[in-house]
Amino acid sequence: MSQYVFQQLINGLSLGSLYALVAIGFSMIYGIVRLINFAHGDLVMIGAFSTLGFVAMGVPWPLILVFVLMIGALAGMTIEATIFRPMRGAQQVTGFIATLAVSIVIQNVGLMTLSGQPRNFSFPAFMRQRVQLGSVSASVTDLSIIGLTLLLIALLLVVVYRTRLGTAMRATADNLMAARLMGIAVNRTILFAFAIGSGLAAVAGLMWGGKFGQIDPLLGFAPGLKAFIACVIGGVGSIGGAMLGGYLLGLAEVLFVGLLPPAFSGYRDVFVFTMLIIILLLKPSGLFVRHVEERA
Amino acid sequence: MLEVRDLHVTRGATEVLKGISLEVLEGETAALIGANGAGKSTTLLTLSGLLRAKSGTVRFEGASGSIDLTKLAAERIVGEGLVQCPEGRQIFHSLSVEENLSMGGYLRRDRASLGSSIEEVHALFPILKERAKAAGGTLSGGEQMMLAIGRALLARPRLLLLDEPSLGLAPQMIERIFDVIETLKKRGTTILLVEQNAAMALDIADRAYVLENGRITLSGSGRELADNDRVRQAYLGIAS
Ligand SMILES: Nc1ncnc2c1ncn2[C@@H]1O[C@H](COP(=O)(O)OP(=O)(O)OP(=O)(O)O)[C@@H](O)[C@H]1O
Ligand SMILES: [Mg+2]
């Protein structure tokens, strides 16, 4: 394989990792409260700026990772408990507008307190080196993003599919009424889904900053939108679908720009949305979902 | 065991329960019969804490003594031993049979005896053991009903609420489900059974109530109601 193609592949996988991490949380939240959460991308921004703060305080990187995960989880739980929970039972459009409002508030508080000036964000020097793998090479940052994401996804799958709380969370997403009748405190399992989903988004923010080198208070928009698209491609409400949708989207975007003549690179989003439309025309319930049962 | 006094419940703008009173004694099987939309499910959902009463009381001899359920959170009510097997089965379609059952035992702290409870459910419904790894949604209607009952039993009910267990099942399967209810009754489980299949419900019931438009209009032993002319006409389809 030529270095060029390999580089594009690694690049697509690392971008896809970020999309997948954000999309998984987006999908978990939709799955359990049927809410298209447009504030989800802003957790990415919160994670990125928290990272900058911890770096300034001199916190070691492994601890920063843990702290950012916790900050994301706390922020997600706070938003759920104070804003989304009181609106439960209201019409779906009410919740949808509430998530837009939360997003706008977060972005504007960010603009006021942090200013709109992009800030430089850099990983430690060794992360910016390249490693030689036979005849090709890749950046440590991209490889770390791919590796850390796989690790986080593995942990997530264990929690969701192998623990009692994870099973209760899936039960709540499957049938809220039955979950309550079994004695599951559904507000707790919902909070848990927000904690996990938002924590992952914040960690994606940490990696986003490192990959692109600059952050600003509005950076959450792109990952939020892409996560939504990844979920739609993969099948809304399924963790596996969101993950695969994220990787597919990241790879497709990068390969489109990288492998076609440079004149086309401006059409990246046109390409992404065309792909979305075609997939939805062919498989309305998403690529990786066998059947969708609408809940009455 | 359960004593409902003057229960009023509104859903949306309509008053669905207009002051109902009923009781179930320990060890009894009580039946609540009535037409579509009479308020049977509303009654059970209120007992389980999923709907809130506007007024009235619900006394229950729970795990922590005699308590009023009308202010209690749904998960506390299950913990007290009032467990519902809801209308339409409502099993978890995407969870395996095994996981469905484990969710029935969600609140139980006695991990050790949970295993033997699962074996008891398997003995009652062997198919649930055979299909332990299958997704709940892939079971047939009758199997789903067994799963729903098994799941409720794993919560160790002091009082088991059954909402139309015969709904949508083939006659043979209905027989089977009623045999199981009979077995549970013999084992001493207290049961409140809601049914449209009035003949079978009255046959099995020690005590029965007729609910019409949100009011209890008749009550008595299962035998008495089965012999009552109005019941025979309206619910048993027998001309008098
Ligand atoms: N979510 C709801 N909002 C408003 N009214 C409702 C709602 N659900 C049910 N109702 C009304 O409450 C009344 C009683 O309904 P309920 O489900 O308790 O009846 P039921 O006796 O269980 O009937 P069925 O035999 O069909 O199950 C009906 O008139 C119904 O229209
Ligand atoms: Mg009903």
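Here the protein sequences line up with chains D and B, keeping their order. To convert, count from 1 in the first sequence and add 210; that's my numbering. To convert, count from 1 in the second sequence and add 894; that's my numbering. C-beta: ideal position from N, C-alpha, C; glycine also.
Hey, would you say the C-beta of B/E981 is under 7 angstroms away from at least one heavy atom of ligand 2?
Yes, ligand 2 has a heavy atom inside 7 angstroms of this Cβ.
Which residue marks the beginning of the alpha helix (DSSP H) containing D/R244, and which one marks its end?
Element bounds for D/R244: n/a, residue is neither H nor E.
Assuming contact is defined by CB atoms lying nearer than 8 angstroms, are D/G226 and D/Y457 in contact in what I supplied?
Yes. Within cutoff.
On the three-state DSSP scale, how would you describe D/L465?
helix
Should B/G959 go down as buried or exposed, given a rule of 16 or more other Cβ atoms within 10 Å for buried?
exposed
Selected residue, minimal CA-CA separation from B/G872, among B/G998, B/R899, B/E909 and B/A932:
Not covered by the structure: residue 872 of chain B. The range shown for chain B is 895 to 1134.
Of the residues D/P494, D/S212, D/M379 and D/I489, the one placed nearest D/G344, counting alpha carbons only:
D/S212
Is the closest heavy atom of ligand 2 to the C-beta of D/K436 under 7 angstroms?
No, since every heavy atom of ligand 2 falls outside the 7 angstroms radius drawn around the Cβ of D/K436.
Is there contact between the region 437-451 of chain D and the region 228-242 of chain D, where contact requires at least three CB pairs shorter than 8 angstroms?
yes
Between B/D1121, B/R1126 and B/T923, which has its C-alpha nearest B/T866's C-alpha?
Any question about residue 866 of chain B goes unanswered here, given that chain B covers just 895 to 1134.
Against B/Q978, what residues of chain D qualify as contacts under a CB-to-CB distance less than 8 angstroms, listed in chain order?
L391
Following a CB-centred definition, is B/T908 positioned closer than 7 angstroms to any heavy atom of ligand 4?
This structure lacks ligand 4; its bound ligands are ligand 1 and ligand 2.
Determine whether the Cβ of B/S942 lies closer than 8 angstroms to any Cβ atom of chain D.
yes
Look at the alpha carbon of B/L966 and the alpha carbon of D/M238, and state the distance between them as a whole number of angstroms.
29 angstroms
When the cut-off is 8 angstroms and only beta carbons count, does B/S1019 lie next to chain D?
Correcting the residue identity first, residue 1019 of chain B is Phe in this sequence and not Ser. Not an interface residue.
Residues that DSSP places opposite B/S949 in a beta bridge:
B/H902
Taking 7 angstroms as the cut-off, is the CB of B/A1092 close to at least one heavy atom of ligand 1?
no
For D/L401, tell me which candidate among D/S332, D/V276, D/L253 and D/A283 has the shortest Cα-Cα distance.
D/A283
Just list the residues that DSSP pairs D/Q424 with in beta bridges.
Bridge partners of D/Q424: D/N330.
When you measure from the CB of B/S1007 to every non-hydrogen atom of ligand 1, does any distance come out below 7 angstroms?
no
Could you give the distance in angstroms between the alpha-carbon of D/I425 and the alpha-carbon of D/L365?
28 angstroms
Using a Cβ cut-off of 8 angstroms (strictly closer), state whether B/L989 contacts chain D.
yes
With a threshold of 8 angstroms between beta carbons, is B/F986 in contact with chain D?
It does: the Cβ of B/F986 has a partner Cβ on chain D nearer than 8 angstroms.
What does DSSP give as the partner residues of B/D1057 in its beta bridges?
B/V1088
Rounding to the nearest angstrom, what Cα-Cα distance links B/F1019 and B/G1044 in this structure?
8 angstroms
Residue-chain proximity (D/M387, chain B), Cβ-Cβ < 8 angstroms:
yes
Quick check on D/D384 - is its C-beta less than 8 angstroms from some C-beta in chain B?
Any Cβ of chain B closer than 8 angstroms to the Cβ of D/D384 would place that residue at the interface, and such an atom is present.
Under 8 angstroms Cβ to Cβ from B/L945, same chain only, skipping five residues before and after it: list those, please.
V903, R905, T936 and L939
Closer than 9 angstroms by beta-carbon distance: list the chain D residues that pair up with B/G973, in chain order.
G393
Out of curiosity, what's the CA-to-CA distance linking B/L941 and B/R1109?
Near 16 angstroms, if we compare the C-alpha coordinates of B/R1109 and B/L941.
So what does DSSP say about D/G450, is it helix, strand or coil?
helix
What does B/S1113 touch in chain D if you count any residue whose Cβ is under 9 angstroms from its own?
Residues of chain D passing the Cβ test: none, with the nearest at roughly 26 angstroms.
For chain B, is any of its Cβ atoms less than 8 angstroms away from the one on D/R295?
Look at D/R295: its C-beta is not under 8 angstroms from any C-beta on chain B.
According to DSSP, is D/D352 part of a helix, a strand, or is it coil?
helix
Which same chain residues, not among the five before or five after B/R983, have their C-beta less than 6 angstroms away from its C-beta?
These residues qualify, in order along the chain: Q1038, M1039 and A1042.
State the CB to CB distance for the pair B/G1137 and B/H987, rounded to an integer number of angstroms; the pair is presumed to be in contact (CB under 8 angstroms).
Since the first and last residues shown for chain B are 895 and 1134, residue 1137 of chain B lies out of range.
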